[in-house]
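Colleague: Add 1335 to the 1-based position in the sequence shown for the working numbering, that's all there is to it.
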Amino acid sequence: MTEVGGFPPDAQRIVERWNPDGLRGWREDARTGARSVHVVAVRGIDPRPVLDVLAPFEPTIDAPDGAGVVVMVLDVASVLGRDELAALDAAAHDVERVVFVSTGAGEHPDRDSVRERDEALLRAHSIRFADVRVLSSPDLLTVAVREALAEDPDTTAQRNARRGAVSLVERTCRQITGTARALRDGSDEAAAALRSRRTRLAMERDGGRAERLGRLRADVQRARVDLLHEAGGRVRAVSATARTEIDRAGRRELQAFPERMGYLAAAATAELDAAVERHLGELVRRAGVSDVPPADAGRPAAAPSGPEPRHRGVEDGMMVVVGASAGVGLGRLAVAPISMVPALDIATIPIALMLGGAAAWWLARSRRLVADRAHLRQWASDTTVQLRAELEQRVLGRILETEAAVGARIVADSRAATVTVDEELAALDVEARRLATERSGRLASCERDHAVLLRVLEGFSGLAGH
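(1) Just list the residues that DSSP pairs S1437 with in beta bridges.
(2) With distances taken Cα to Cα, identify the nearest neighbour of P1384 among M1407, T1514 and S1775.
(3) Where does the unbroken alpha helix (DSSP H) through H1460 begin, and where does it stop?
(4) Using only alpha-carbon positions, find the residue among Q1347, L1476 and G1379 that is nearest to P1391.
(5) May I have the straight-line CA-CA distance separating T1772 from I1462, to the nearest angstrom?
(6) Can you give me the C-alpha to C-alpha distance between E1546 and E1594, rounded to a whole angstrom?
(7) Going by beta-carbon coordinates alone, are S1837 and V1469 separated by less than 8 Å?
(8) With distances taken Cα to Cα, identify the nearest neighbour of T1579 among G1567, F1592 and G1568.
(9) Per the DSSP calculation, R1373 is bridged to which residue(s)?
(10) DSSP on V1555, reduced to helix/strand/coil?
(11) Can you give the Cα-Cα distance for Q1347 and L1358, rounded to whole angstroms?
(12) For L1711 and L1735, what's the separation of their Cα atoms in angstroms?
(13) Please classify A1465 as buried or exposed, where buried requires at least 16 neighbouring CB atoms within 10 angstroms.
(14) Quick one: grab the DSSP three-state call for V1467.
(15) Which of the three DSSP states, helix, strand or coil, is assigned to G1334?
(16) Using the C-alpha atoms, what's the distance from R1613 back to L1589?
(17) Evaluate V1433 with the Cβ neighbour count: other Cβ atoms within 10 Å of its Cβ, from every protein chain shown; 16 or more gives buried, anything less gives exposed.
(18) For a test of the three-state rule: what should DSSP assign to L1798, helix, strand or coil?
(19) From what residue to what residue does the alpha helix (DSSP H) around L1389 run?
(20) Taking C-beta to C-beta, are D1453 and L1415 nearer than 8 Å?
(21) In the DSSP assignment, find the unbroken alpha helix (DSSP H) run with D1608 in it and report its ends.
(22) Find out if the Cβ-Cβ distance for the pair S1471, V1449 is shorter than 8 Å.
(23) So, helix, strand or coil for D1381, using DSSP?
(24) Quick one: grab the DSSP three-state call for P1343.
(25) With three or more C-beta pairs closer than 8 Å as the rule, is the segment 1740-1751 touching the segment 1545-1562?
(26) Kindly indicate which three-state DSSP category V1787 falls into: helix, strand or coil?
(27) Just to confirm before moving on: does the CB-CB distance between V1375 and V1404 stay below 8 Å?
(28) In angstroms with no decimal places, state the Cα-to-Cα distance between L1789 and A1515.
(29) Taking all protein chains shown into account, decide if V1560 is buried (16 or more other Cβ within 10 angstroms of its Cβ) or exposed.
(30) By the three-class DSSP mapping on this structure, what secondary structure does S1472 have?
(31) Would you report the Cα separation of I1553 and L1607, rounded to the nearest angstrom?
(32) Note down the Cα distance separating E1782 from Q1510, rounded to an integer number of angstroms.
(33) What is the DSSP secondary structure of V1430, reduced to helix, strand or coil?
(34) Give the straight-line distance between the Cα atoms of T1395 and L1386, rounded to the nearest whole angstrom.
(35) Which value, in whole angstroms, describes the spacing of the CA atoms of N1354 and E1793?
Set out below in structure tokens:
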């Protein structure tokens, strides 16, 4: 390890961690002698007059290893700028002695003000150039270079090593400062990303349970209205069909109508069950659950009980009497021409009686048919009322079962999502603490190393500058 006054080994180890290539280059330069003259000029400035003046010292414009002195060529007609300062920093960061010389064709009227401006800019650029002077005479340049090279090579090399150490430590300090700034900025961005992710997870913690349950309630209400309307339509269709068939039915059809009514009720129930399946299937799909079994349709619709026998009343007896009376009257009217013949008058009596009996039988039979239709019509009306109640109960029961099953599944999904989100939130908290700890540790290391190197810079007497 190279020993340089003011650059202790522990500081060199810090620099080695941060800038190993720079430290390696500095150590190699420290072992090299320092006797050459390095002339630096940016594009647009002709260095040949300076090279001719310094010809006895064998100057070079290429960057040599271990230059003893750097000669910076400035333009006599223009103030130095960013390019000149960048070239100066690149060439003289490891060389203690720097000589500035202005050159140009002929005398320039503002050369003194330009030289003063150059000197002021150099002093502001670095503390090492606090006493800088820009030479304008070739003789002064030759004297200055000769004095710089007149020292013992080892002493010059040691001074250059100290200058190189100062530059190396300054670059390392800037690198540490930049790393610390990047750590703060990067940690802030990482923390902001973690906070944003945590906020999104917290919003999704219940798996959208409230929204899904609200949508389920709305869908259930819509399905209830639609299916109850569907049930009412089926019942009205059964009632209309029953009335039409009863009005057209004869005695034989009336006897078979209870069975027909049972078939109509069963068909209406089956059609309504199919409609319920469609509506509830759509409800389950909109709820976003796929493993909810369809609601059980329940037992088949019970066949309606047959009507009670119609009880004969006074109307039936009265209809017989009225029919007989009407029949006798019609019979007498029919045989009136015959009764005008005295010999046939006795024959009109049995004929009138026969016609009266037939009329009484027909009227009584028709009255019974009308009464049977009215009785069956009333029974059909009562049956459709009962059918409506059963169908509505069937619909509401299946809706309630489906709502309960879908709601339970949504709650289960929400609990599973909550567990998953809680695990992710816990992992994010662990990651945030790890990042904070790692950042604190690295920032503390940066601050500790930076403080050590600052003390090293302060130790370089007359060369400290940060």
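Just so it is clear, CB atoms sit at the ideal spot from N, CA and C, and this is done for glycine as well.
Modeller: This is what the structure gives:
(1) According to DSSP, S1437 bridges with L1409.
(2) Selected option, being the one with the closest Cα: M1407.
(3) For H1460, the enclosing alpha helix (DSSP H) begins and ends at R1446 to H1460.
(4) Residue L1476 is the option with its Cα nearest to P1391.
(5) About 39 Å.
(6) Counting only the Cα atoms, E1594 lies some 49 Å from E1546.
(7) The structure shown does not extend to residue 1837, since the chain is modelled only from 1336 to 1801, so the question has no answer here.
(8) For T1579, the closest of G1567, F1592 and G1568 by C-alpha to C-alpha distance is F1592.
(9) It is worth fixing the name first, because residue 1373 is His in this sequence and not Arg. H1373 pairs with T1395 and V1405.
(10) Note: V1555 maps to helix in three-state DSSP.
(11) Answer to the nearest angstrom: the Cα atoms are 8 Å apart.
(12) L1711 and L1735: Cα-Cα distance of roughly 36 Å.
(13) So A1465 ends up on the exposed side.
(14) When DSSP states are grouped into helix, strand and coil, V1467 belongs to the coil group.
(15) Here the chain has residues from 1336 to 1801 only, and residue 1334 is not among them.
(16) Separation of L1589 and R1613 (C-alpha to C-alpha, rounded to the nearest whole angstrom) is 36 Å.
(17) Buried: at least 16 other Cβ atoms inside 10 Å.
(18) Confidence in L1798 is poor, its pLDDT being 44 and thus under 50, which makes the residue's placement too unreliable to answer from.
(19) Segment: none, L1389 is in no alpha helix (DSSP H) and carries neither H nor E.
(20) Contact flag set, yes.
(21) Taken as a continuous stretch (DSSP letters only), the alpha helix (DSSP H) holding D1608 covers R1586 to A1622.
(22) Against a cut-off of 8 Å, the Cβ pair of V1449 and S1471 comes out as no contact.
(23) Residue state, collapsed to three classes: coil.
(24) P1343 sits in coil when the DSSP states are folded into three classes, being neither helix nor strand.
(25) These segments touch.
(26) Three-state DSSP puts V1787 in a helix.
(27) In this structure, V1404 does not lie closer than 8 Å to V1375 by Cβ.
(28) When the Cα atoms are used, L1789 and A1515 turn out to be separated by approximately 15 Å.
(29) With fewer than 16 other Cβ atoms inside 10 Å of its own Cβ, V1560 counts as exposed.
(30) For S1472, the secondary structure class from DSSP, reduced to helix, strand or coil, is coil.
(31) The amino acid occupying residue 1553 in the given sequence is Ala; Ile does not appear at that position. Looking at the two C-alpha atoms, the distance is approximately 21 Å.
(32) A direct Cα-Cα distance of roughly 12 Å separates E1782 from Q1510.
(33) Residue state, collapsed to three classes: coil.
(34) One Cα belongs to T1395, the other to L1386, and the distance between them is close to 8 Å.
(35) Rounded to whole angstroms, N1354 to E1793 spans 20 Å at the Cα level.
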